[in-house]
Amino acid sequence: MCPLADHILMRTIQQLLNPGFVFQIVFWIVLPLVLAGQHPRRMVAEWEPAVGTLIRWPLGIPSDLVAELASDDSLFVLVESYYQRDQAINAFTGWGVNMNHCRFIFAPTYSHWTRDWGPQFIFDQNGKGGIADPVFNGYPWVPGCFQEQNALPEISPERPKTKGWEEDDAVNIILADSFRCPLISLPVYLTGGNIMTDGQGTAVSTKQMLDENYPGCDEECFRKTAMDSLGINRYLIVDNPEIFGIQHIDCYARFLDEETVMVKEVFVWHPEYDCVEELAHTFMNDTSCYGRPFNVVRVYCDSYNGNETAAYTNSLILNRKVLVPLFGIASDQEALNTYAASMPGYEVLGFPYSEWYYYDALHCRTMGIFDRKMLIIRHKPLQGNIQVDPDLKIRAMIDDRSEAGLIPDELLLHWREEGSNSWNISVFAPLTGLDSFAATMPVQIPGKIMEYYISAADASGRVESLPRPAPAGFYSFTLMDTVTSIRERDPEAVAVRVFPTVFRDRLNVVFSSGGIQTVRIMILDAWGREVDLLFAGDPADAGRGLIWDGKTKNGNDSSPGLYFVSVKGDGISSVNRCFKTK
Numbered sequence: 081m082c083p084l085a086d087h088i089l090m091r092t093i094q095q096l097l098n099p100g101f102v103f104q105i106v107f108w109i110v111l112p113l114v115l116a117g118q119h120p121r122r123m124v125a126e127w128e129p130a131v132g133t134l135i136r137w138p139l140g141i142p143s144d145l146v147a148e149l150a151s152d153d154s155l156f157v158l159v160e161s162y163y164q165r166d167q168a169i170n171a172f173t174g175w176g177v178n179m180n181h182c183r184f185i186f187a188p189t190y191s192h193w194t195r196d197w198g199p200q201f202i203f204d205q206n207g208k209g210g211i212a213d214p215v216f217n218g219y220p221w222v223p224g225c226f227q228e229q230n231a232l233p234e235i236s237p238e239r240p241k242t243k244g245w246e247e248d249d250a251v252n253i254i255l256a257d258s259f260r261c262p263l264i265s266l267p268v269y270l271t272g273g274n275i276m277t278d279g280q281g282t283a284v285s286t287k288q289m290l291d292e293n294y295p296g297c298d299e300e301c302f303r304k305t306a307m308d309s310l311g312i313n314r315y316l317i318v319d320n321p322e323i324f325g326i327q328h329i330d331c332y333a334r335f336l337d338e339e340t341v342m343v344k345e346v347f348v349w350h351p352e353y354d355c356v357e358e359l360a361h362t363f364m365n366d367t368s369c370y371g372r373p374f375n376v377v378r379v380y381c382d383s384y385n386g387n388e389t390a391a392y393t394n395s396l397i398l399n400r401k402v403l404v405p406l407f408g409i410a411s412d413q414e415a416l417n418t419y420a421a422s423m424p425g426y427e428v429l430g431f432p433y434s435e436w437y438y439y440d441a442l443h444c445r446t447m448g449i450f451d452r453k454m455l456i457i458r459h460k461p462l463q464g465n466i467q468v469d470p471d472l473k474i475r476a477m478i479d480d481r482s483e484a485g486l487i488p489d490e491l492l493l494h495w496r497e498e499g500s501n502s503w504n505i506s507v508f509a510p511l512t513g514l515d516s517f518a519a520t521m522p523v524q525i526p527g528k529i530m531e532y533y534i535s536a537a538d539a540s541g542r543v544e545s546l547p548r549p550a551p552a553g554f555y556s557f558t559l560m561d562t563v564t565s566i567r568e569r570d571p572e573a574v575a576v577r578v579f580p581t582v583f584r585d586r587l588n589v590v591f592s593s594g595g596i597q598t599v600r601i602m603i604l605d606a607w608g609r610e611v612d613l614l615f616a617g618d619p620a621d622a623g624r625g626l627i628w629d630g631k632t633k634n635g636n637d638s639s640p641g642l643y644f645v646s647v648k649g650d651g652i653s654s655v656n657r658c659f660k661t662k
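In this note's numbering, the protein residues as written are 81 to 662.
Rendered as structure tokens:
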């Protein structure tokens, strides 16, 4: 019999013997027949509300990371025996770990890579949360990086289980029972380190994901499974970036939010340089779930051993924290600065460890356990130039998955002018449509930069904000008394992009003129003062792109910090933010 069929049969038998099977039947079969689907099925993004993190004993992470994971959230620790549990308790106690936040779950495991075989959380069409459980069978190493990637490697779901991967493969069955949540088996490979999602129907993997499933499930089969089971309606498959390896996306790129992608940057003579740049350009030429170009952030990953480079993208977002692997090299601090500049309001913490690798670091060895009754806020942020409107509406989707009920007076829009120390408040009112609300931002002055965030509370005691680290983090836009933004004024006219938004000594400014006769492109500091004039005149004379080398118009090095790229001409205006690091 095909091992894939064996896997499904094993799952079925184990579930039939599981006391929680009736519970799962009720949630996944009976209720969908009774209730009309109201929510799109979706896979949870990493930055959404989590109750804690899953790790495994024996550990693959440093002691200070264990202590941090348990400091504010729950730490779920997989152990095989009471002896291992007692070992872990003794070690954790000696490290000062908050034992009140630790929960031990008995499950046989072979490896510490909980990311790759651990639970993928999804919400079904009725808003009920559960665990998606794909097949897992280790790590085929395959070619990539402009090598022949069309020839399918000799790997497939039909390869026999080796080593102890069958133990890791079975963990999610135990977790679903322990968490008392539905388990949905996926008859495909979906190795966790090689998938990232924005939580709104977009996912990204390298070509290795398709190859790993072939021939048991071809591309059409895989995409249909991802759509039907995970709600992934836009699956981006990018070329394998490694010359030879496991080709996991989390060692090369990661979503920081729905519209921001962090991509690795290596030194120019690295053998994978062209492949990494091609990956970055793939995202630069694509759009987010809101139809806007991705904001691509580059994080420089220096070498720690020959051509082996730091895997800074292999980090963990846990609620309002970002936990970053450090390699004991000069670029460590620069990586932390890049995260801080790209994710304002988040607490950015670094963890040096001699056992981090370029293909396996902090993200690989930890897995978020999400709050299935989370309070969800979704909103398309206003950005760029927005036209003055006394009835300017901020719209949001606010959904209490606890079903305890939202607290109307706690559904708030917080707003202020840039530079103000206090926030004004408007209350969200319900709109027609599921979980839809709107609030008005009444006071508006042309030329002012407005800052805002959203907060909500429900009767279960959950309190959330968007962006999540608000008020330390917030959204912002510029009020204009004429047409608000180049892109909104005429999609075919002028378009401006800057990248990387966090840079050291090279900022690219790319634009299309669209018939504009004159344009002035300036670098402004945080106070709006002109630092450098990149171009003035007919855009046709400048070509499509300019480069700012980080120097002032006098030729001096500018200080690290926040800068603006201001583009003005023929009645249009655009401002893009960027951050210069040391």
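Glycine residues also receive a C-beta, built at the ideal position from the N, C-alpha and C atoms.
Cβ atoms of residue j and residue i: under 8 Å apart, would you say?
i	j	result
L491	I474	no
A130	D153	yes
Y269	V346	no
P549	R400	yes
M521	L486	no
R195	G273	yes
N387	P405	no
T286	P262	no
I135	R445	yes
V675	Y643	No statement about residue 675 is possible, as the shown extent of the chain runs from 81 to 662 and does not include it.
D629	D585	yes
N504	V655	no
V402	Y419	yes
D213	I253	yes
A606	P424	no
S556	E498	yes
Who are residue i's beta bridge partners in DSSP?
i	result
Q467	M560
N656	V645
M602	L613, S646
N375	T340
G281	DSSP, once it has assigned bridges, lists no residue as partnering G281.
Y380	E345
D637	K631
Nearest to residue i by CA position, among the options, is which residue?
i	options	result
G325	R303, F335, M289, L336	M289
M602	D451, L514, R657	R657
D182	V146, G198, W193	According to the sequence displayed, residue 182 carries Cys and not Asp. The residue with the shortest Cα to Cα distance from C182 is V146.
F378	V543, L336, G649	The identity of residue 378 in the sequence shown is Arg, whereas the question assumes Phe. Taking only the C-alpha atoms, the option nearest R378 is L336.
K660	F579, L493, D412	F579
E128	H494, S422, F203	F203
Q463	W503, Y370, T389	Y370
K648	G641, V576, G635, D629	V576
Y547	F591, G527, I456	Position check: residue 547 holds Pro in this sequence, whereas Tyr was assumed. It is I456 whose Cα lies nearest to the Cα of P547.
M123	F201, P373, L149, N320	F201
V251	V343, M307, A187, V543	A187
W245	V284, R372, A283, W197	W197
F583	A552, C381, S540	C381
G635	D451, L642, D621, L613	L613
N180	I505, G132, N417	G132
W495	C297, D366, I534, E339	I534
H361	P351, N375, W349	N375
T305	I323, A283, D319, V318	A283
Y439	F450, I312, Y392, A150	Y392
S368	S639, D618, K460, D605	K460
D354	G499, P488, F226, K631	F226
N170	H192, S143, I185	S143
P619	L139, E148, V589	V589
G527	D561, L626, R542, L514	D561
G210	S258, A410, S422	S258
For the alpha helix (DSSP H) containing residue i, name the first residue and the last one.
i	result
S151	143 to 152
E352	E352 -> no alpha helix (DSSP H), and no H or E assigned at all.
I169	162 to 175
Between residue i and chain B, is any beta-carbon pair separated by less than 8 Å?
i	result
G485	This model lacks chain B altogether; it includes just one protein chain.
Over the uninterrupted beta strand (DSSP E) stretch that includes residue i, give me the two end residues.
i	result
V251	That residue, V251, is in no beta strand (DSSP E); its alpha helix (DSSP H) goes 251 to 259.
I699	Only positions 81 to 662 of the chain appear in the structure, and residue 699 is not among them; the question remains open.
Q244	Before going on, a small fix: residue 244 reads as Gly here, not Gln. Counting along the chain, G244 falls outside any beta strand (DSSP E), and DSSP gives it neither H nor E.
Q597	Here Q597 belongs to no beta strand (DSSP E), and DSSP marks it neither H nor E.
D291	Run containing D291: none in the beta strand (DSSP E); it sits in the alpha helix (DSSP H), 288 to 293.
T133	130 to 136
Say the cut is 7 Å; is the CB of residue i nearer than that to a heavy atom of the ligand SAH?
i	result
I505	This structure does not include the ligand SAH; it has no bound ligands of any sort.
For this session: Could you name each continuous beta strand (DSSP E) segment of 3 residues or more that falls completely within the segment 382 to 413, going from the start of the chain to the end?
Result: Taking 3 residues as the shortest admissible run, the segment 382 to 413 contains the following complete beta strand (DSSP E) segments, listed from N- to C-terminal end: 383 to 385, 396 to 398, 401 to 406.
Problem set entry | Segments of 3+ residues assigned as beta strand (DSSP E) that fall wholly inside the segment 301 to 345 | Fully enclosed beta strand (DSSP E) runs of 3 or longer: 314 to 318, 333 to 337, 340 to 345.
Exercise. Which ranges would you report for the beta strand (DSSP E) in the segment 443 to 526 if only whole runs of at least 3 residues count?
Worked result: Secondary structure within the segment 443 to 526: the beta strand (DSSP E) runs of 3 or more consecutive residues, fully enclosed, are 447 to 450, 455 to 458, 465 to 467, 473 to 480, 492 to 497, 504 to 507, 516 to 520 (chain order).
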